[in-house]
Structure formats: C-alpha cells, structure tokens
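To start, the structure itself, in structure tokens.
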Amino acid sequence: MDRDDGPRVRVPEQRAPEQPGTTDTLRFTVLGPVRVRRGSELLPSGSPQQRALLAALLLREGRTATANELIDAFWGEDPPSQALATIRTYASRLRKTLGQDALVSESGGYAIRVGRGALDLTLAQDLAAEAEKARVAGDRCQARTLINKVLGLWDGEALASVPGPYADNQRTRLEEWRLQLTETRLDLDLEVGCHAEAVSELTALTAAHPLRERLRELLMVALYRSGRQAEALAVYADTRRLLAEELGVDPRPELGRLQQRILQADEELARPADEPAPAPAPLRPAQLPATVPDFTGRSAFVTEVGGRLATAEGSVMAVSAVAGIGGVGKTTLAVHVAHQARPHFPDGQLYVDLQGAGARAAEPETVLGSFLRALGTADSAIPDTLDERAALYRSTLDGRRVLVLLDNAHDAAQIRPLLPGTPGCAALVTSRVRMVDLAGAHLVDLDVMSPEEALQLFTRIVGAERVGAEREAALDVVAACGFLPLAIRIAASRLAARRTWTVSVLAAKLADERRRLDELQAGDLAVKATFELGYGQLEPAQARAFRLLGLADGPDISLAAAAALLDRDPHAAEDLLEALVDTSLVESAAPGRYRYHDLVRLYARACAERDEEAAARESALSRLLDFYLATAAGVYALERPGDRTVQHLEAPRYQGLSFTDHGRALDWLYSEAGCLLACVRQNPGPDSIRRAVDLLLAAKDLAESGANARQFETAATVLRDAAVAVGDPHAEARARTTLAQVHSMAGRFDQAEDEARRAMLLAPSIEDVWTHCNAPNELGIIAGYRNRQTEAEELLGQACAAFRADGNQAGEASALCNLSRVRLAMGRTDSAVRLAEEGVALYNRMGLTLRLANGRYALGLALARANRPEEAEGRLTEALAVFRESRQRLWEGMTLFRLAEVQLTAERPAQAAPLAEQALTVLLRIGGEWRRANVLTVLGRALHGIGQADRAQVCWQEALSVFERLDAPESESVARLLSPAGVAGEA
C-alpha cells in the first residue's frame, strides 16, 4: 500500500554526462515497444533478446555496461554456457544497425552514446523536472500541460515484450513512475477546477490499483467538489473495508482526516488547498465597454454617481440606479462614470446588457453563469439553479472589490440576484423605469441635456469650424432634437459624414419634426420621436431596409438572412446594412452579422406598421422563413442522404444557402439556432404554419443534440397550439409528432405518449405520408420504453411498412433498428440482431453517416444481448465516434452508457465504471432524469464489481429515488439491488 504524502514528480535515475561525438540522427523509445529510428525511418531492432540488449544500454543513458552486468540483466543467476558469445553477437548486430559511433566497446563492456533528447525517457525526465519547477513556482496550468506531455510519450507498456530480469525490474520502475505522474496530474486537475472531468479517470484507476490510497483520496476530493458528497464518503468506507480484508490495516491518517472534512462539509475543501508557492493571480474581469471619446457635460451627475460608488470602499455595498427615457444617455453616463471609478475597484469590473426594454429580457441565471465564468469559476462548478448561482456569485465576490454595471434592466426583480452582497463591491444600474422597489439604492433620474451641453456635444461630433460658422442653425438642430443625446448624436453623425451639407441644410431637414418632439412627455413615444430624426434622413432604400429588418425576431441576423428578408442580393443588402450601421441605427455584432438595440427594433417595427402594407410585411417574413427552411433542409439532406423527409416538406419559394462540407453545414445550423427558432415562433399564421413546422423537422438536430432542446420544445409547443387554433390538422399532426420526440428524449414519456397518440388520431383524416410514417414510429419507441412490447412491435411494424411504401429507406432502416430493440426486450435476440443488421445494411447502401451510427448503436445492443461482447463493443465504438463528430450529445452519452453495459456483461467492471462516469457527465443537462437514473444503476453495478460497494449503494439510492418519483418500472429492479439478497447476487 502506498504511503506517500501526495504525488510529486520523481525522476527515476540520474543520467551520465553527455559524451562528445554523439549521434544526433538516431531516436530511441523505451516507453512502449523498444524502437530505433533514423530520421523518419524505422530501423530493425532484431529479436527480443537483441532488443533487451538495446534497452539495457539505453537505460544506462551513456554509462558503460560490463559484460557481466549484461549477462545478469539477461539471464540472472542461471546464464547459458555461451552467454558472453551471445552478448557479443547481439552487440555486433546492433552496431551494424546503429553505426560505429553510436554503439562503442570499452572497458570490457558496451555503451550507447547518443545526443540529448534522442531517448524518449530522457525527454520525459526533462519535461517532468520542468513540470515540478512550474508547480513549485505556482504555475499549475503549465505544470499540468508539461506532465500531460510526459504521459503522452508512453505508447503502452514500457519495454513491451523485452525479456529478462533487468527488463522486468525496469518495467516495474517505469510503470510506478508513470502512475506517480498520473497522480500528480490528477492532483493538478483538481487544483485548477477540473474535478468533474477527473472522476471518470480516477474511477478507472482505483479499479486498476485498488490498494493505492492516494488515488482513493483524489477520487474522494473530486466527488466532493462535484457535489457528490455521499459517494465521496462511500469511497472511504469501501477503502477501509478493502484494506482490512486484504492487508489487515486501517486507512492512513490523511484519508481519515479527509473523511472528517467531507462529513463536516468543509468549505475550504471545495477549492484547491493553499500552497506555499505563489498561486496564479485570480481573474480580474475588465468588461466595461469603451467610453465615448466625446462624452459631454453631465458633470453634476458624474460627481453624484461617482461619489456614491466611492463609498463602496467603506462599510456598505453601494447601489446606484440611473433611470430615464430611451436615448437620454443612461448607458453612456454609466460607462463613463464606471471607467472613472475603476481605481476604486482593483479586482475588476463586470458588465451586462440585460435587454430589459425588449420582449425577452436576459434571464438572471444566464447572466450569473457568465459572471461566474468571468470571475474564474469552471463550467463544471457552476450550479444549475438561480438561487445556487446567486449564492456562489456572492461568495466569489466576498473579499473582492468589484464594480458591476447592470445596463438596461427590466425591473428590480431581474437585478436583485445580480447584486453583490459584501462591502467593497458596488452595482451601477441603468433602466427605463425608476427602481423605487430596490431597497437601499441611490436613485438618479437622468433628464435631457441643457442647451449648452447639447450644443457642446453637437460641436464635438461635427467640428468646431462648421458649427462656429452657423451657430444659430446649430442651436436650431439641437432644439429640434429635443436635447436628447441619442438624437443629437444621430443627427450630428449624419452631418459629419456628409461634407457637402451645411448645418442649415440639416436644420431645414429637421424643421418638420419639431411637433413630434413634443411627444417626449409621452413615455415610449419620446423614443420613437428621437429615432424619427435619424430615420427621416435615410435614403428610401435604406429606410425600407430599416423597417423590414426590424420585423425579424432573434438576437441578431446574418447577412444572408437579411438579404432574403429584403429580397436583395447579398452585396446590395450589405451596402444597405453598413449604411444603417453608419447612422448608429443598426449595430454590427460581428463581421456579417447585424442587430438592433432593443429600443431601435421597437421603433423600426412601428415604422413598418405605419409605412409598409401588411402584405409587404408578411412577404418579408415569409422570405426569411423560406430562407431558413431551404437552408435547414439542405443541411438535413447533406447529413441524411436518401432520407425522403426533405421531399415531404413544404417547398420554399426562396432559396437558401447550400453546403458541401458537413462541418460547415452543422456550424451554420448551430450558430443560427436562436434566429431560426425565433423565426419558427414568429410564424404561427395560417399561411406560414406548415412551413414553420417543417423548419422544425429539418432542424431536428437542434433537439437531438441537446444544445437547444428547451428552445426547440418551446417553438414546437407554440406551433402545435397555433395549428389547433387555425384548424390545420396537417401541421398539428407534424407538430405533435415532433413534440413527442422531444418529450421522449427528455424522458417525459407521459407527455410524449399523449402527443404521439393525438398525432395518430389525426393521421387518418390527412393525406400526409410523413405523419403516417413517423407518428407510429415515435409511438412505438415510447411503448417500448414503457415496456409494452407487443404494442410497440405492432406500431413499429406499421411504421416500417409505411416507410417502405414511401420508398424511404432511411426511415425503414430507423424503424427496423427500433423494432430490433423491441425484439430484444421480448427475448427474441436472434431476430433483434437480424433486424439491426438489415437496418445497418440499408444505411450503408445510402451512405448515411449519422444515421448509420444510430444503426450501429442498435446493432451493438443486440450483439451484446447475443453474448457477442467484442462485436458489440466495436459497433458501439464506431457509433460513438460519429455522434461526437456530429455533436449529438444525447446519443454520445447513451452510447457511453451502452458501452459500460457491454463491459459489465463481459465481466470487466473496471472498464465499465469510467464509461458510465463519462455518460453521466455528457448527460448532465440533457436526456432527462430517467436516463440519468439508468446510468447511475449501471455505474453502481460497476463500482460494486470493483469493490466500491458503499459508493455503489449511493448510486442505486439516487437511481431508486428518480425511478420512484417517475413511477418507472425500473424501481423494482433497483430496489432488489439495494436489498441484502441483491447485493449478494451482484457479488
């Protein structure tokens, strides 16, 4: 049993000084098979005995080995009579391979003289020494990187297949060093916050080395930091029992102290232990937007708000809330004051636009996740719920002096979870509404500029020479702008960009707007009046683009999508959009992407309703929907060649983008997910609902990947309800079938079955081949999950026949694979294998990469049940690679789960446990509780198989709790596992 005080990199042996005249072109490896290369050429290393001689000389690193030492290394105490002659023969052959300069004879022995870095072991030793230096210096990330490089030099077992007692001893020594390096790297993993990722590897290592207490200690810490306290304590109980049974000893004191800290929920243990070496500096976020170079006036407000923020250095946490109408300059003032206050907040500044004036304000939990990441919290350490994130956020800020700028807030309820909770920090809030219900806040009402400030701002943008020549006209301009900063900036920017205009020309253009500016007293209408000034100066084509683009929902819009909405070619659309960017009416979020400020979007829509016919507005949104449908259908067809779903979609009247590269196609789909799903939700009308539903069908990868499942479900629900409202059973059946699949993937089988049955009821009344094929397929899958196998078999047979009648081989293959799983559940294993093989054969003929992976997944399940574990593992591993490449996280997690089952069937629990751990990590926020409970059940069986019975009990208890809450039939089998008889059976 190891008794070290924690892993530190130990270099196995000292090297001899480098000798002159060495050979630089030769490269040797001993951390795996013994090999020699000259450049890129692999040289013959001879028989195992000849490789043993080569290894023995290399491991002396330039020192001479005498003949007697080599004989002992080869044969130990029982050498053959011709041992010396044999050694000389092997040496002669090696010299022919390596050259005279590399293998030298001296002092009755031999030595290999090569340059530094020619041997992988010496390179590993150098890197390990550098890693130790980096760790002592506090650079954990660099140390971790270097140790990973060292471990990457191993290629399987060191000195593989090399005979002799010396090789055996060295193999053991090098394997121990490798394990120490692994422990050190895992220790560093925990120190940098990668505890969730470390659990899987540590589970496998503790299974392979059950008596190595340091690995158990690291596993306990990793589990504890991953929120799995009960499992961490179970590891200790398993270790104590194992040591007593195997060695008759107790765990070392360090392990006992760790157990007590976990029992006491020690908060210090939840983060890396302090080290005497300097630690990396904490992240200091600097997220403030740039302040405008022409900031003007507002001196009283700057002094008032800045003075309030400075009090944060005292005994209270300062909160200032700046309110005012849109365009009055709240954000500009807040950013300017925040920059001036930076010296008071040396630990950083956080910023977020809360989008409070829009239809979809930012969710506090999303903002907290972004803030926590900016403050250095690893993704794996960020909890799920709002309350937990808010608590961790306040804890993270404790002891720091950080300024938080919460821009464009909707109301006090939105920002309360985002406020720091300790002295030294401050929050600065801007909003269109006064935060009268925000306790303790210093409220600031920001009004329009004074005439002097307004003229000063106008002059700074346009230029003193032009304004000085026409001062009266300039006063007329700022008066026409209502002294509203945003309106002044828009008007002045237009004038500055047009050198041929005079100030009088601009004043004349604004003259007709003065009555509109009186509406400043009418809330939101004041914002519209302000934007009307910039809007009125647009060319007709620019103004129409501004109106129509504002109709589209979504966080932003791509150039290609904007071109479709405007019915322009991309070059013409780009010219229009860039002109709008110049006027500050549109922002360029990134190259080729554009967005409105939320208030500008509202104004643009008001303009569209006022200035565009209803038919023109509907046509613009229809073109955008067609663009997304055509492009998504192309991506679907590229991913699933031969699948006839695309032929059953509504034909778009506007073309989309086309791709030949799978990666670029998926990049487009996932990057456009927010905009695409927003477009779906925006088109529930009778003329567009079928295309909107079909866009969901074409974008089903967004649901299956798990990345956008919630937004996808929301869009599908909107369309289902809309289809019912407009009386379109065709769209309703497709929407319900899609919803059934979404609910099924999330483990919500009651809701899934309800939607699928309703779709089945609609099918006879509509002539829709897609529904006739897919509704029974989905309902059959659900029936199988609910253990109604006879019903599932009938439904999937019906689906298979419908797909076959449609000539949809991809659909037929899918139904066959689903039917294979039902036959498995019915105990008809041979039939299950045959059906899965038929499905795979169909997929192979069509070249369906992604769906072929689904087929191999089904075949892997059937082969596993047929007691063909090696073949099952092969098919599932092939499927796993495709799912990962296609970003199908749900299927990736389920395949890892099935691979764990295969390893259990093959009685390899040590291999099953890390696979199940990986499945848990991948399925953390997708797949639903039912699937998670199934993985926990398998993980428990694997842990029990490697002697970690207490931890297994924790996994089964959690699984049972889920199954009982879902009223799932699996609860009975898990309850049996937890019974004394069940535990004995597992043993």
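Residue numbers (the working numbering): 30 to 1016. All residues carry an ideal CB built from backbone N, CA and C; glycine is no exception.
The stretch 633-643 makes no contact with the stretch 682-690, as fewer than three CB pairs between them are under 8 Å. Comparing C-alpha distances from A120 to each of S110, H368, R402, L99 shows the shortest one belongs to L99. In this structure, the alpha-carbon of L605 lies about 42 Å from that of E333. Where R67 is concerned, the enclosing beta strand (DSSP E) starts and stops at 64-67.
R254 is a Cβ neighbour of A299, given a cutoff of 8 Å. Counted as a single uninterrupted DSSP element, the alpha helix (DSSP H) harbouring Q947 occupies residues 938-951. Contact check for A769 against G813 fails: the beta carbons are separated by 8 Å or more.
Here H471 carries a strand assignment [DSSP, helix/strand/coil]. Under the three-state reduction of DSSP, Q378 is assigned to strand.
Proximity of the stretch 765-782 to the stretch 955-973 meets the contact definition, three or more beta-carbon pairs being nearer than 8 Å. Taking the Cα positions, R423 is about 12 Å away from R430. For A455, there is no enclosing alpha helix (DSSP H); the residue is found in the beta strand (DSSP E) stretching over 455-460.
DSSP places L706 within a helical segment (H, G or I) once states are collapsed to three. Sequence-distant Cβ neighbours of V747 in its own chain, meaning closer than 7 Å and more than five residues away, are R710, P713. Bridge pairing for L71: R66 [DSSP]. The alpha-carbon separation between E417 and A997 amounts to approximately 29 Å. Short of 8 Å from the beta carbon of S136, and not among the five residues preceding or following it, lie these beta carbons of its own chain, in chain order: T93, T95. Here A929 has A941, L944, A945, A948, V967, A971 as same chain residues with Cβ atoms under 7 Å from its own Cβ, once five neighbours each way along the sequence are excluded. At the C-beta level, A227 and A196 stay beyond 8 Å of one another. The secondary-structure analysis by DSSP pairs S617 across a beta bridge with Y623. Linking I586 to L706 through their CA atoms gives a straight-line distance of about 12 Å.
The straight-line gap separating the alpha-carbon atoms of Y139 and E204 is approximately 26 Å. Excluding its 5 nearest sequence neighbours in each direction, L925 has C-beta neighbours in its own chain below 6 Å: L944, Q947, A948, listed in chain order. Taking 3 residues as the minimum length, the beta strand (DSSP E) runs contained wholly in the stretch 360-426 are 378-382, in order along the chain. For S136, the three-state secondary structure derived from DSSP is coil. Within the stretch 637-661, no complete beta strand (DSSP E) segment of 3 residues or longer occurs. The three-state reading of DSSP puts L513 in coil, since its state is none of H, G, I, E or B. In this model, T743 and A721 are separated by some 13 Å (Cα to Cα).
In the three-state reduction of the DSSP assignment, F57 falls in the strand class, which pools E and B.
Straight across, the Cα-Cα distance linking F487 with V357 is about 15 Å. Out of E823, A329, C454, A441, the CA that lies nearest to the CA of S460 is found in A441. Just so you know, the alpha carbons of A891 and F832 end up roughly 22 Å apart. Taking 8 Å as the cut-off, the beta carbon of R904 is found closer than this to the beta carbon of G889. A887 places its beta carbon less than 8 Å from that of A865. Within the same chain, A525 come within 8 Å of G492 by CB-CB distance, once the 5 residues on both sides are set aside. Annotation for L234: the continuous alpha helix (DSSP H) segment containing it runs 224-237.
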